[in-house]
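Peer 1: Before I ask anything, here is the structure I am working with.
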Amino acid sequence: MFTGLIEHIGEVENVRQTEAGREIRIRAPFTDLSSGESIAINGACLTVREIGSGWFDAAAVVTTLERTTIGSWKKGTRVNLERALRPGDRLGGHIVQGHVDCVGIVAAREQAGDALLIDVSVPQTIETLMVLHGSVAVDGVSLTVNELKPGGLQLSLIDYTLRHTTLGELKVGSRVHVEADVVAKHVRRLLEPYMREASALTSLTDFSLEH
7 MFTGLIEHIG EVENVRQTEA GREIRIRAPF TDLSSGESIA INGACLTVRE IGSGWFDAAA
67 VVTTLERTTI GSWKKGTRVN LERALRPGDR LGGHIVQGHV DCVGIVAARE QAGDALLIDV
127 SVPQTIETLM VLHGSVAVDG VSLTVNELKP GGLQLSLIDY TLRHTTLGEL KVGSRVHVEA
187 DVVAKHVRRL LEPYMREASA LTSLTDFSLE H
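Take a look at the structure:
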């Protein structure tokens, strides 16, 4: 589990295909990583495979590649890094699982005073999980939904976020990892049977009225 508070920006040093999947070596200033621990890389939870002086390796399997942008990473790609939450740590962001729900597309970028506004398009199934001023993780960063947009959401990025994450590098057309609030996902799952029942009753009522 993570909180969406980025610790460091790492840089992809090498990418290769191995039996473990698409293996990525990342330069990062961590000094006490352990093999086998979880780490969020742009919000995708991966396992540290090997470590060295100023670097670590992680691998993404085919199912991870299908739902993330990891397949497009190459030497020089900058990524947001966060280690797993420890008991007793402050929960400064929100509960982030490191399970990417979709790849969103940056639809607009606009400077508004001291904030950078970013519009992100997401699939309808993810859009319905967003609420105004609710939480969302974008490339692993815990953010607030500033505004709901047709087909997506708007983010308002402050100076600190721009200086300590890669989000300031986003352009129109950039692809980003989006993870919806886990609470919203569980609530929707629990309500699905009742929503289907309500939909069926509505359809039956409409049919009765028509006939």
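At position 195 of the sequence shown the residue is numbered 201 (our numbering), and the sequence of numbers has no breaks. All residues carry an ideal CB built from backbone N, CA and C; glycine is no exception.
1) If you check the beta carbons only, do glycine 16 and arginine 33 fall under 8 Å apart?
2) Within its chain, find whatever has a CB closer than 7 Å to the CB of isoleucine 222; leave out the 5 residues flanking it on each side and keep chain order.
3) In chain order, what residues of the same chain have a beta carbon less than 8 Å from the beta carbon of alanine 65, not counting five sequence neighbours either side?
4) Measure how close the beta-carbons of glutamine 103 and valine 188 come, nearest whole angstrom, since I'm counting them as under 8 Å.
5) What would DSSP say about histidine 192, mapped onto helix, strand or coil?
6) Taking the alpha helix (DSSP H) that threonine 69 falls in, what are its first and last residues?
7) Quick check on the DSSP output: what are the complete beta strand (DSSP E) runs of length 3 or more inside the stretch 19-79, in order along the chain?
8) With respect to the alpha helix (DSSP H) encompassing threonine 131, which residues constitute its N-terminal and C-terminal limits?
9) If we require 3 or more residues per run, which beta strand (DSSP E) segments fall completely within the stretch 139-176?
10) Grab me the residues of glutamate 19's own chain with a C-beta within less than 8 Å of its C-beta, minus the 5 sequence neighbours each way, in chain order.
11) Does the distance from the CB of glycine 77 to the CB of glycine 110 come in under 8 Å?
12) Cα-Cα, which of Pro156, Thr75, Arg89, Glu72 is closest to phenylalanine 36?
13) When the Cα atoms are used, what is the spatial distance from serine 162 to threonine 9?
14) Pull up the distance between the alpha-carbon of glycine 179 and that of tryptophan 79, whole angstroms please.
15) Taking the beta strand (DSSP E) that valine 178 falls in, what are its first and last residues?
Peer 2: On the basis of the data shown:
1) For the 8 Å CB-CB criterion, glycine 16 and arginine 33 form a contact.
2) Residue 222 is absent from the model: the chain starts at 7 and stops at 217.
3) Shown here for alanine 65: same chain residues with a beta carbon closer than 8 Å to its own, the five before and five after excluded, namely Thr24, Ala26, Gly27, Arg28, Glu29, Ile30, Leu52, Thr53, Arg55 in chain order.
4) So it is a contact: roughly 6 Å between Cβ atoms.
5) If DSSP states are grouped into helix, strand and coil, histidine 192 belongs with the helices.
6) Per DSSP, threonine 69 belongs to the alpha helix (DSSP H) from 68-72.
7) As far as the stretch 19-79 is concerned, its whole beta strand (DSSP E) runs of at least 3 residues are 27-33, 44-47, 50-58, 61-66.
8) Threonine 131 -> alpha helix (DSSP H) spans 130-133.
9) Complete beta strand (DSSP E) runs here, min 3: 141-144, 147-155, 158-163.
10) Hits under 8 Å: Arg31, Ile32, Arg33, Trp61, Lys81.
11) No, Cβ-Cβ distance for glycine 77 and glycine 110 is not below 8 Å.
12) Selected option, being the one with the closest Cα: Arg89.
13) Annotation: serine 162 to threonine 9 spans about 18 Å, alpha carbon to alpha carbon.
14) If you take the alpha carbons of glycine 179 and tryptophan 79, they lie about 16 Å apart.
15) From DSSP, valine 178 is part of no beta strand (DSSP E); its letter is neither H nor E.
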